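Report on the structure given below.
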Amino acid sequence: MDLIGVYLRDAVGEGCPVCRILRRYEESEIKTILYEHVNDPGVREKFRESLGLCTYHAWKTLGEAYSDPLLGPLGVAIIYEHMLSFYVASLERGRIPEEGECFLCQLMEEKETNTVEALAERIGELLPEYENSESVLCRRHYGMLLSILRRTNPDAAEMLEAIQLEKLRVLGERLGSFIDKFDYRAEEKPTKDEISSLPLAIEALKGLETGVTVRKTRNRKGRRAFPWK
Ligand SMILES: [Zn+2]
Ligand SMILES: [Zn+2]
Numbered sequence: 033m034d035l036i037g038v039y040l041r042d043a044v045g046e047g048c049p050v051c052r053i054l055r056r057y058e059e060s061e062i063k064t065i066l067y068e069h070v071n072d073p074g075v076r077e078k079f080r081e082s083l084g085l086c087t088y089h090a091w092k093t094l095g096e097a098y099s100d101p102l103l104g105p106l107g108v109a110i111i112y113e114h115m116l117s118f119y120v121a122s123l124e125r126g127r128i129p130e131e132g133e134c135f136l137c138q139l140m141e142e143k144e145t146n147t148v149e150a151l152a153e154r155i156g157e158l159l160p161e162y163e164n165s166e167s168v169l170c171r172r173h174y175g176m177l178l179s180i181l182r183r184t185n186p187d188a189a190e191m192l193e194a195i196q197l198e199k200l201r202v203l204g205e206r207l208g209s210f211i212d213k214f215d216y217r218a219e220e221k222p223t224k225d226e227i228s229s230l231p232l233a234i235e236a237l238k239g240l241e242t243g244v245t246v247r248k249t250r251n252r253k254g255r256r257a258f259p260w261k
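So the mapping is simple: this note's numbering equals the position in the sequence shown, first residue as 1, plus 32.
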């Protein structure tokens, strides 16, 4: 197995491996920006294009800064002071500035495509690992992987379909037993597997919250703040 294969295999364990890779990647990219690029003019310009990222990534960035004791809010404050002054300057000219695409969202989409393609290329080695793990691909990433495999490796696609269905059935049974434990006649407490079946069922359907799964509202067209002027 090559290095990328090992990297992908390490993400197999629980939940959607693609989502888990993307979440780690997103957090590390945000930290890199905050540690190294707060005053970088190129990065500053990328921020400006979207007027400070999309809503999801703006809050995520602030959350990451506060959650890291070595960071704190200073870097984010410097970035958003700049964004605010740009915004005010635009309003003074009578324009609400355009909000372009968030560069972190673009980065995440690229990473998502690359990850699913890498998974598809190494499916022969990774499918048995996936089958024997507690991992369940989320609906979105299962769909992406399956559509590549149907084109490139129909046998693996068929195997993946069977494995995925079985995993979802097991998950559904665990969730059912979890619910049963709330019956007043139940004598046992829910097991660890039953407790984790609830977040894992949500993950199987919705994926984890990252730039690729959180729906973004984009306003590509600039609007004039004072159209009568
Ligand atoms: Zn996923
Ligand atoms: Zn974004």
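We put the beta carbon where it would ideally sit given N, CA and C, even for glycine. All values reported here derive from a predicted model rather than from experimental measurement.
Note the first and the last residue of the continuous alpha helix (DSSP H) segment covering residue i.
i           : result
residue 54  : 49-68
residue 135 : 135-153
residue 87  : 87-99
residue 37  : 35-43
residue 79  : 73-81
residue 192 : 186-212
residue 224 : 224-238
Ordered along the chain, which non-local residues of its own chain (more than five positions away) have a Cβ less than 7 Å from that of residue i?
i           : result
residue 251 : In this prediction, residue 251 scores a pLDDT of 43, lower than 50, which makes its location untrustworthy; the coordinate-derived value is nonetheless stated afterwards. Hits under 7 Å: 131.
residue 255 : Because residue 255 carries a pLDDT of 46, less than 50, the predicted location of this residue cannot be relied on, and the following value inherits that uncertainty. Within the same chain, residue 255 has close Cβ partners 128.
residue 261 : Unreliable placement is indicated for residue 261, whose pLDDT of 39 sits below 50; no coordinate value is reported for it.
residue 119 : 83, 129
residue 210 : 222, 226, 227, 229, 230
residue 114 : 76
residue 9   : Lying before the first or after the last residue shown, residue 9 is absent from the chain, which here runs from 33 to 261.
residue 59  : 96
residue 181 : 152, 155, 188, 189, 192
residue 196 : 169, 174
Assign residue i to one of three DSSP states: helix, strand, or coil.
i           : result
residue 127 : strand
residue 122 : helix
residue 167 : strand
residue 220 : coil
residue 46  : strand
residue 84  : coil
residue 178 : helix
residue 108 : helix
residue 156 : helix
residue 241 : coil
residue 116 : helix
Give every residue of the same chain whose Cβ lies closer than 6 Å to the Cβ of residue i, excluding the five residues on either side of it in the sequence, and list them in chain order.
i           : result
residue 161 : 41, 44
residue 137 : 86, 243
residue 90  : 84
residue 147 : 50, 53
residue 62  : 93, 96
residue 66  : 97, 103, 107
Kindly indicate if chain E contains any beta-carbon less than 8 Å away from that of residue i.
i           : result
residue 246 : The structure shown contains no chain E; it is built from a single protein chain.
Looking only at its chain, what residues have a beta carbon closer than 8 Å to the beta carbon of residue i, apart from the 5 residues adjacent to it on each side?
i           : result
residue 36  : 150, 154
residue 203 : 168, 229, 232, 233, 236
residue 105 : 94, 97, 98
residue 165 : 44, 45, 46
residue 213 : 220, 221, 222, 226
message: Closer than 6 Å between the C-beta and any heavy atom of ligand 2: which residues qualify, listed along the chain?
response: 85, 86, 88, 89, 134, 136, 137, 243
- prompt: Taking any heavy atom of ligand 1 as the mark, which residues have a C-beta closer than 5 Å to it, listed down the chain?
  reply: 48, 50, 51, 170, 173, 239
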